[in-house]
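There are 2 protein chains.
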Amino acid sequence: MSNQEPVELVVLGQSDETAACCPGLLTAPLDEEQAVELAKVFKALGDPVRLRLLSMIASRAGGEVCVCDLTPAFDLSQPTISHHLKLLRQAGLIDCERRGTWVYYWLVPEMTDRLAGILTRPAGDPLPNRTAPAGTAS
Amino acid sequence: MSNQEPVELVVLGQSDETAACCPGLLTAPLDEEQAVELAKVFKALGDPVRLRLLSMIASRAGGEVCVCDLTPAFDLSQPTISHHLKLLRQAGLIDCERRGTWVYYWLVPEMTDRLAGILTRPAGDPLPNRTAPAGTAS
DNA sequence: GGCTTGCATCGAAGGATGTCAATGCAACTC
DNA sequence: GAGTTGCATTGACATCCTTCGATGCAAGCC
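First to last, the sequence lines map onto chains A and B. Position one of the first sequence corresponds to residue 1 (my numbering), numbered consecutively onward. Position one of the second sequence corresponds to residue 139 (my numbering), numbered consecutively onward.
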């Protein structure tokens, strides 16, 4: 289950040029290819249901959640939840494994770590005091 | 320009209960309302064009970029770029100001900081060694 | 005033996305 | 084996998103 589809994103175990990547979104202009890859991950986070699924999975004590615990938490059909889980998995944010009748999901913390890093600006960045951009115009 | 539409998201200057929010996505299950608000921001990041726009704006030396410098960097029409900038602005990720003929955009670092925080897991989190989930099943 | 330039807004068109009921399939129970 | 349960996949449908050309509007220039 964890390794049957070749579709998974590889923003993580990236190769060479993209590995040099991630000084972060905020320090140098992203090139087209990097942007396309990153956008897939953010798009996966761009839905309330998926965000709640991810947080339910991530905050679970044992680190894993059975789908049977996730589905009833929503007012949505089982196929819909299954679909959202699939998208999160394809984005590399979670992974899963079947154990007997049940399927368990867990967070891939390397991916959220990476996103956090990408959104973090370099240490001594001034935070320009733009509290009042002033009436230069408008 | 910075303050004409009441549409802007307020995931930032949030009020009370949501202010207590943000121990982060990864530590406690998100409630519905938080998820909806957060999803809007991530959705804004879920497009390659917007990611590139954001990174071009964020990584700019002076901290600001004129639209006239952004538009020619893409193979897209001017209205399309304008639309993407609007979405980024509504998400609270950037802001802008008109100066004479030109409009300048800049990053709202508080928002990216907040996102980074949301995606950061608590310090001593074990990073479960799931390198090989083993053949428990599948 | 009239003209030009820079950018936003307005429809419209096509594709992508979220959702569901129906179905398929694996595993467990009898 | 037959039946049941847990989850994924399929196909259909409504909605949303991205993109465009056309247009509007503000600001500077003649």
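Backbone N, C-alpha and C fix where the C-beta goes; we use that ideal spot for every residue, glycine too. These numbers come from a predicted model, not from an experiment.
request  = Measure the C-alpha to C-alpha separation of Ser193(B) and Pro186(B) and round it to an integer number of angstroms.
outcome  = 11 Å
query = Along the chain, which unbroken stretches of the alpha helix (DSSP H) at least 4 residues long are found entirely within the segment 157-236 of chain B?
reply = 170-183, 186-196, 205-208, 216-228
request  = Report back the beta-carbon spacing between Gly184(B) and Phe42(A) to the nearest angstrom; my notes put them in contact at under 8 Å.
outcome  = 4 Å
task = Pull up the distance between the alpha-carbon of Ala173(B) and that of Ala58(A), whole angstroms please.
result = 14 Å
key: For Leu119(A), the three-state DSSP class (helix, strand or coil)   = coil
task = Could you confirm whether any beta carbon from chain B is found closer than 8 Å to the beta carbon of Val65(A)?
result = no
key: Residues, ordered as in the chain, of the segment 33-46 of chain A that lie near chain B by beta-carbon distance below 7 Å   = Ala35, Val36, Leu38, Ala39, Phe42, Lys43, Leu45, Gly46
ask   = Using the beta-carbon of each residue, which ones in chain B are nearer than 9 Å to Ala116(A)?
value = Leu253, Ala254, Gly255, Ile256, Leu257, Thr258, Arg259
Rounded straight-line distance, which links the Cα of Lys178(B) to that of Leu115(A) = 17 Å
inquiry  = Which same chain residues end up closer than 7 Å to Cys206(B) when comparing Cβ atoms and leaving out the 5 residues on each side of it in sequence?
reply    = Trp240
ask   = Touching or not, the segment 103-114 of chain A and the segment 72-80 of chain A, by the rule of three or more beta carbon pairs under 8 Å?
value = no
ask   = From Gly162(B) to Glu171(B), what does the alpha carbon distance come to, in whole angstroms?
value = 14 Å
inquiry  = Buried or exposed for Asp233(B), going by 16 or more other Cβ atoms inside 10 Å?
reply    = buried
ask   = Using a C-beta to C-beta distance shorter than 8 Å, which residues of chain B count as neighbours of Ala28(A)?
value = Ser193, Ser197
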